[in-house]
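One structure below.
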Amino acid sequence: MPGTPDKKSVSRPRIGDRIFSNLTLFFALLILLIIAGLLVVLNIDAWPAIQKFGISFITSISWDPVREEFGALPAVYGTLLSSLIGLVIAVPVSLGSAIFLSELSPVWVSRPVSFLIEMLAAIPSVIIGLWGLFVMVPFIRDPIEKYLGANLGFFPLFQGPPFGVGFLSAGIILAIMVIPIITAISRDVMHAVPSTQREAMLALGATHWEMITGAVLPYCRSGLVGAVILGLGRALGETMAVTMVIGNSYKLTASLFSPGATIASKVASEFSEASGDLYIGSLITLALVLFGITLLVNIIARLLVWRSVSVKGTGE
Amino acid sequence: MQRFRKNWFAVLAVILVAAVGLAGCSAPAVAPAKPPAPPVNLTGAGATFPAPLYTKWFDEYNKLTGVKVNYQAIGSGGGISQITEGTVDFGASDGIMSADQISKAETKSGPILHIPMTSGAVALIYNLPNIGGQLKLTGDVLANIYLKKIVKWNDPAIAALNPGLKLPDAAIAVVYRSDGSGTTYIFTNYLSKVSPEWKDKVGNATSVKWAGDIGGEKSAGVAGQVQQNPNSIGYVELAYALQNKLAVATLQNAAGKFIEPSLAATTSAAEGVTLPDDMKVMLTNSSNPDAYPIVGFTWLLVYVNQKDQAKGEALVKTMWWAIHDGQKYTEALSYASLAPSAVVKAENAILSIKYQGQPLLSR
Amino acid sequence: MNSTGGNLRRRWMNRLMLVICGCAAAIVIGFLVLILGYTIINGVSYFNLDFITQAAKPVGETGGGMREDIFGTFILVGIASIIALPVGLMAGIFLSEVAGDKAASVIRFSADILAGVPSIIVGVFAYALLVRPMHSYSALSAGVALAIIMIPVVARTAEEAMHLVPNSQREAALALGISRWRMILGVIMPGATTGIVTGVMLAIARVAGETAPLIFTALGSAFGVQGLTEPIGALPLQIYRYALSPYSDWQKQAWAAAFLLVILVLGINIVVRLVSYRKK
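Protein chains in written order, with our numbering: chain A, 1 to 316; chain B, 317 to 679; chain C, 680 to 959.
Have a look at this one:
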């Protein structure tokens, strides 16, 4: 057993306990305080812009530092579009990998594969951006965008000159960054499905795949949705890698080849250069919008994942 | 279990001690040995346009005097806003502060000076493989390219200027600076002078509302985007273009001659311009027939009333050195040295800097 | 006949989908191999001793390295750890050992929210909170920004590690008459050491590669580390700046720096995971 208890402490356990509890409470409350501080400080700095533009900030497409007219729509659109592209690519790959890890492979395979996928998650964003800029973007420009433009050019998504840098590149980079997250959580959620479910299905003569689609996936649906939304939360706020490959152009366009901007890339590339209360306030209001979106997304995801975790609790 | 407990605290202790140790030992522990120097560190931030020159200057000045001037190229807009916030000891900009910006800075910390350090040209770089010659442009065509009114390289307006070139039937990828920048200020100052439509629709500032396609961060980012994107055009300081041996376009000046950006053509732009005492003057679209048209000074932004004596002294001495001895480094890095008349005005500005009402430097 | 045909189709469908799932996993590993492969190949070819022993040189002069930025990264991680470890660990103890269900879920929820705040926003926050009022970019403000990112990670992993300590140990310790706080520090935390150290090391690896919060706080330094209240350089910041620079010499240094950062970050990850797998 651990160190024999110190006799001195026995005589006054309550005071020591109370101090200690309050101390831990204090540090725990610091977390709340940081969030509150974030909101307060950002709101103070954002105030000039919020006051001037009000709700029209969200719907305006202008970003004109000369005339001090600022609007968030292209950045919000770019953020959602690049994240959507990321998810369209990431979700099937992640679910496939998670099924492979949880349902198909023996431990001696799934463990090293999981390990490698965790390594992908650990690579710093700036390095993925570096790779994206020098290795992936030239490849996206030619052949991928040229091919898509030539063969699917009738579709507005694939119109426009192939620049390489742009929404498509940003989306692919985001996919690479969220795949490990979605895969890991989905794998855990699938693991939590009780094996009785699987056995019942197999006993009815189902194939392995039918067992997965009939028993495993429906059972953990909300957990999987939660995993995807958590991935979305990460994608929305991702900054460095996206800033390096998206091209930093501020416009609304249907073309996936077009350079664009996300909220995070806009703030990263302009915040330290901005001058004037209104300009800085507008960038910080952008940051607040991003904060609001990620907050919402994270809350939804947590609730979904927690629900499936409690399912896990009863299942065992 | 007892062993584990010790283990745990040992781990924590090692982490903490290592961290404290790392944080505690400051530069002298790692910096190469040098004669005891006054521990004066200056921080400056701003323009990327003169950044290679400033880095070189401050490196040389550090070897001479031990004073460490940390210069970070964050863009001219950043130089203006950070000196206003007082987060740096001096700002740097290629653009003149607007009346609003000046009044904001002056209500915070008193009068602010624009002290010229060097002048440079903005070169138009392009990436057109195998067109068989140097691209020629006029101010008007350039403005229309950046307004996206001319969108293809084989547009008649470009073709008429370049009869011998094989211009591709490809979209022009227009690259601009995404961050606030003095290079943008000089560039848009020129376009506003040559194109009424530009002046009306876009204007002249360190950061404007672009119609272009790709934003590059810093001059470095613009040059990088142009290098990586075929059929692109961008603007960067001459130094960047020369260092990377990028193709530069010749541009028609006010006298109607097509001029390739060069140091001589940069210096010519300053010739014949009357310099006001506050040195807030743009050298774009010079009437000199040998001048390249997109040229500007680059300034350090410094408060007249310094709040810290040691820093203030180091600052004025550094600037004094830069406008005199420092000028010999300009040519090698593709900057034009200051004209003698400009040096005199800069000297006067530096001598006017004070700490508690006393000048920090006298002749 | 009909039924066997259906069976055949089902069997083929089964095989096809299982193969597709395997391919998905292979694609993910393919991305890892591509990114690491390029980083290592480019990094190694531009990596040399000067890179870690020399300070940066002005443009136009060949050579030079990132000694100061490597050092700066260690200092920033150190500052962040000094702040985040006590806060994170104590908050973790609160969550696992002290709080009631309701309080715990509020704090847990906040920690998850804080962990989800984009790092660029944390950078803006640190700028407004520290850089502007203190009138200087500083190592301290960058350290605080990184600490804010570390705290929720440390708190949640510490909590989970302490949850894994069996209740019988708590009861046995309390039965011996020691107070709760001594029980926590003397029994629970030692029992959770592996888990906590794992979490802390992973948090360190994560912030060592963070770039976005440093742009507005650390700024970068041409003369190395000058003190807590002065600007400071960092490896990821330098990768970002050099990658976007047009100087091929700097781009090469960015790859070399990326190689070093990958070794550092993945090295911590690999060691920590191997150790924790073995303990399991």
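Glycine included, C-beta positions come from ideal geometry on N, C-alpha and C.
This structure is a prediction, so every number in the text was calculated from the model and none was measured.
Any chain A beta carbon closer than 7 Å to residue i
i: residue 670/B; result: no
i: residue 859/C; result: yes
i: residue 886/C; result: no
i: residue 711/C; result: yes
i: residue 797/C; result: yes
i: residue 664/B; result: no
Chain B within 7 Å of residue i, Cβ atoms only
i: residue 163/A; result: yes
i: residue 245/A; result: no
i: residue 304/A; result: no
i: residue 819/C; result: no
i: residue 65/A; result: yes
i: residue 275/A; result: yes
i: residue 771/C; result: no
i: residue 917/C; result: no
i: residue 249/A; result: yes
i: residue 810/C; result: yes
Beta carbon proximity, residue i to chain C, threshold 7 Å
i: residue 350/B; result: The predicted position of residue 350/B is uncertain, since its pLDDT is 43 and thus under 50; a value taken from the coordinates is nonetheless stated next. No, its Cβ sits nowhere closer than 7 Å to a Cβ of chain C.
i: residue 343/B; result: In this predicted model, residue 343/B has a pLDDT of only 36, less than 50, meaning its place in the structure is not dependable; the value taken from the coordinates is given anyway. So, interface residue.
i: residue 593/B; result: no
i: residue 239/A; result: yes
i: residue 135/A; result: yes
i: residue 403/B; result: yes
i: residue 394/B; result: no
i: residue 242/A; result: no
i: residue 170/A; result: no
i: residue 20/A; result: yes
i: residue 537/B; result: yes
Exposure label - residue i; buried when at least 16 CB within 10 Å
i: residue 329/A; result: This structure cannot speak to residue 329/A, because chain A is shown only from 1 to 316.
i: residue 497/B; result: buried
i: residue 692/C; result: exposed
i: residue 14/A; result: exposed
i: residue 88/A; result: exposed
i: residue 232/A; result: buried
i: residue 919/C; result: buried
i: residue 366/B; result: buried
i: residue 234/A; result: buried
i: residue 517/B; result: exposed
i: residue 357/B; result: buried
Contact test: residue i Cβ vs the ligand HEM heavy atom, cutoff 6 Å
i: residue 38/A; result: The ligand HEM is not part of the structure shown, which contains no ligands of any sort.
Item checked: Any 3 or more C-beta pairs closer than 8 Å across the segment 124-133 of chain A and the segment 166-181 of chain A -> Taking 8 Å as the limit for Cβ pairs, the verdict is that the segment 166-181 of chain A does touch the segment 124-133 of chain A.
Note to self: With three or more C-beta pairs closer than 8 Å as the rule, is the segment 258-276 of chain A touching the segment 68-75 of chain A?
What the structure shows: Yes, the segment 68-75 of chain A is in contact with the segment 258-276 of chain A.
Notebook entry, point to check: Three or more beta-carbon pairs under 8 Å between the segment 513-523 of chain B and the segment 390-402 of chain B, yes or no?
Noted result: The segment 513-523 of chain B makes contact with the segment 390-402 of chain B, as at least three CB pairs between them are under 8 Å.
Checklist line | Stretch pair the segment 747-758 of chain C + the segment 767-780 of chain C: three plus CB contacts closer than 8 Å | finding: The segment 747-758 of chain C is not in contact with the segment 767-780 of chain C.
Next item on the list: Residues of the segment 921-948 of chain C with a CB closer than 8 Å to any CB of chain A: list them in chain order, please.
Entry: Listed by position, the residues of the segment 921-948 of chain C near chain A (Cβ gap below 8 Å) are 922, 923, 930, 933, 934, 937, 940, 941, 944, 945 and 948.
Notebook entry, point to check: Listed in chain order, which residues of the segment 251-270 of chain A have Cβ atoms closer than 7 Å to some Cβ of chain B?
Noted result: With the criterion set as a beta carbon lying under 7 Å from some beta carbon of chain B, the members of the segment 251-270 of chain A are 259, 269 and 270, in sequence order.
Notebook entry, point to check: In the segment 240-271 of chain A, which residue ranges form an unbroken alpha helix (DSSP H) of at least 4 residues, counting only runs that do not cross its ends?
Noted result: DSSP runs (the alpha helix (DSSP H)) wholly in the segment 240-271 of chain A: 240-245 and 263-270.
Item checked: the segment 722-734 of chain C: positions lying closer than 7 Å to chain A by Cβ -> For the segment 722-734 of chain C, the set of residues with a beta-carbon nearer than 7 Å to any beta-carbon of chain A is empty.
Check: Does the segment 820-839 of chain C touch the segment 889-899 of chain C, meaning 3 or more C-beta pairs lie closer than 8 Å?
Finding: Taking 8 Å as the limit for Cβ pairs, the verdict is that the segment 820-839 of chain C does touch the segment 889-899 of chain C.
Margin query: Contact between the segment 540-551 of chain B and the segment 432-444 of chain B is defined here as three or more beta-carbon pairs at a separation below 8 Å; is this criterion met?
Written below: Three or more Cβ pairs drawn from the segment 540-551 of chain B and the segment 432-444 of chain B lie within less than 8 Å of each other, which places the two stretches in contact.
Next item on the list: Pull out every residue of the segment 514-530 of chain B whose Cβ sits closer than 8 Å to any Cβ of chain A, in chain order.
Entry: Listed by position, the residues of the segment 514-530 of chain B near chain A (Cβ gap below 8 Å) are 518, 519, 520, 521, 522, 523, 524, 525, 526, 528, 529 and 530.
Item checked: Contact list for the segment 689-702 of chain C against chain A, Cβ threshold 9 Å -> Sequence-ordered contacts of the segment 689-702 of chain C with chain A read 689, 690, 692, 693, 694, 695, 696, 697, 699, 700, 701 and 702 [C-beta pairs closer than 9 Å].
Next item on the list: Using a Cβ-Cβ cut-off of less than 8 Å, give me the residues of the segment 368-383 of chain B that come near chain C, in sequence order.
Entry: Within the segment 368-383 of chain B, the residues whose Cβ lies closer than 8 Å to some Cβ of chain C are 368, 371, 372, 374, 375 and 378, listed in chain order.
Next item on the list: Select from the segment 59-83 of chain A all residues with a C-beta closer than 9 Å to any C-beta belonging to chain B, and list them in chain order.
Entry: Answer in chain order: 62, 63, 64, 65, 66, 67 and 69.
Next item on the list: Using a Cβ-Cβ cut-off of less than 8 Å, list which residues of the segment 410-427 of chain B approach chain C; keep chain order.
Entry: Cβ contacts with chain C come from no residue of the segment 410-427 of chain B.
Next item on the list: Check distances from the C-beta atoms of the segment 116-132 of chain A to those of chain C and list, in chain order, the residues that come in under 8 Å.
Entry: Contact annotation: in the segment 116-132 of chain A, residues whose CB is within less than 8 Å of a CB in chain C are 116, 117, 118, 119, 120, 122, 123, 124, 125, 126, 127, 128, 129, 130 and 131.
Check: Does the segment 90-100 of chain A touch the segment 182-193 of chain A, meaning 3 or more C-beta pairs lie closer than 8 Å?
Finding: By the Cβ test, the segment 182-193 of chain A is in contact with the segment 90-100 of chain A, since at least three Cβ pairs between them sit closer than 8 Å.
Margin query: For a minimum of 3 consecutive residues, which ranges assigned as the beta strand (DSSP E) are wholly contained in the segment 714-798 of chain C?
Written below: Here no run is fully enclosed.
Margin query: Across the segment 775-793 of chain C and the segment 290-301 of chain A, are there enough close Cβ pairs to call them in contact, namely three or more that are closer than 8 Å?
Written below: Yes: the two stretches touch, three or more of their Cβ pairs being nearer than 8 Å.
Next item on the list: Flag this pair as touching only if the segment 493-509 of chain B and the segment 418-434 of chain B have three or more C-beta atom pairs under 8 Å; answer yes or no.
Entry: Taking a cut-off of 8 Å for Cβ pairs, the segment 493-509 of chain B and the segment 418-434 of chain B do not touch, as fewer than three such pairs fall below it.
Check: Using a beta-carbon distance cut-off of less than 9 Å, what residues from the segment 893-904 of chain C approach chain B?
Finding: Within the segment 893-904 of chain C, the residues whose Cβ lies closer than 9 Å to some Cβ of chain B are 894, 898, 899, 900, 901, 902, 903 and 904, listed in chain order.
Next item on the list: Say whether the segment 836-853 of chain C touches the segment 419-427 of chain B, bearing in mind that this needs 3 or more beta-carbon pairs closer than 8 Å, one atom from each stretch.
Entry: The segment 836-853 of chain C is not in contact with the segment 419-427 of chain B.
Checklist line | the segment 587-601 of chain B in contact with the segment 360-378 of chain B per 3-pair CB rule at 8 Å | finding: Contact fails: fewer than three Cβ-Cβ distances are below 8 Å.
Next item on the list: Evaluate the contact criterion for the segment 134-151 of chain A versus the segment 159-169 of chain A: three or more CB pairs, one atom per stretch, below 8 Å.
Entry: The segment 134-151 of chain A makes contact with the segment 159-169 of chain A: 3 or more CB pairs, one atom from each, lie closer than 8 Å.
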